[in-house]
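J.: With my numbering, the residue at position 136 of the sequence shown is 239, and numbering never jumps.
Before I ask anything, let me first share the structure, which is written out below as structure tokens.
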Amino acid sequence: MKFLLKALLLISLFSCNDSEEKITNNLNTVDFTAQNEQEIQAFIKANNLMAEKTETGLYYVIDEPGEGKQPNTSSNVTVAYKGYFTNGNVFDESKEGISFGLNRVIPGWTQGIPFFKEGGKGMLIIPSSLAYGNSGRTGIPGGAVLVFDINLIKVNE
């Protein structure tokens, strides 16, 4: 009888772990594509933007294209930016600019910054699939659409 009780206890523990793992996996694989697209469209409409959309779902607005060098996806660049959510809440900002390799940032930046030349200014509207996905990061929830006001200061090569 003791053996049967222990066996049932072990079976219930393992089945709970399987269920919890399935729930966790399902939470990590939520597809935010449709929700992000609706949010982006509402943001574009509310702000009267003339945004272009890439095949990957990235939206960009070029206010000033710039006149200097144009980076590629592996360039090192210096960018001043303000990052915020579609509700306007700012989560990050660099007024003076920071330098980084475009192959070391979120895909939305890797794909979007090359639309500008040095001195170019505009906006990137990035769905979660090209940002932090379902996981998010400190201060940015999973599934979040990110908006960045961009000023490409320099292409460092």
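Ideal Cβ placement from N, Cα and C applies to all residues, glycine included.
No experiment lies behind these values; they were computed from the predicted model shown.
Between which residues of its own chain and residue 175 is the CB-CB distance below 7 Å, once the five residues before and five after are set aside?
T.: Here residue 175 corresponds to residue number 72 of the sequence shown, with the count starting at 1. Counting only Cβ-Cβ distances below 7 Å, and skipping sequence neighbours, we find 217.
J.: To which residues does DSSP link residue 183 through a beta bridge?
T.: Taking the first residue of the sequence shown as 1, we reach residue 183 at position 80. According to DSSP, residue 183 bridges with 254.
J.: Nearest by alpha-carbon distance to residue 168: which of 248, 220, 244 and 238 is it?
T.: Numbered from 1 along the sequence shown, position 65 holds the residue referred to as residue 168. The residue with the shortest Cα to Cα distance from residue 168 is 220.
J.: Would residue 211 and residue 249 be called neighbours here (beta carbons separated by less than 8 Å)?
T.: To locate residue 211, count along the sequence shown from 1; it is residue 108. To locate residue 249, count along the sequence shown from 1; it is residue 146. Contact flag set, yes.
J.: Residue range of the alpha helix (DSSP H) that residue 211 falls in?
T.: The residue you call residue 211 lines up with position 108 of the sequence shown. Start and end: 210-215.
J.: Should residue 228 go down as buried or exposed, given a rule of 16 or more other Cβ atoms within 10 Å for buried?
T.: On the sequence shown, residue 228 is found 125 positions in, with the first residue counted as 1. Buried, by the Cβ-count rule.
J.: Confirm, please, whether the CB-CB distance from residue 148 to residue 263 is below 8 Å.
T.: Residue 263 falls outside the range modelled here, since the chain spans only 104 to 260, and no answer is possible.
J.: Given a threshold of 16 other Cβ atoms within 10 Å of its Cβ, counted over all protein chains shown, does residue 230 qualify as buried or as exposed?
T.: As a position in the sequence shown, residue 230 is number 127, starting the count at 1. By the 10 Å Cβ count, residue 230 comes out buried.
J.: Determine the direct distance from the alpha carbon of residue 190 to that of residue 236, and round the result to whole angstroms.
T.: Here the question's residue 236 lines up with position 133 in the sequence shown. Here the question's residue 190 lines up with position 87 in the sequence shown. Cα to Cα, residue 236 sits roughly 19 Å from residue 190.
J.: Rank 171, 239 and 232 by C-alpha distance to the C-alpha of residue 259 and give the top, closest one.
T.: Numbered from 1 along the sequence shown, position 156 holds the residue referred to as residue 259. Among 171, 239 and 232, the Cα nearest to that of residue 259 belongs to 171.
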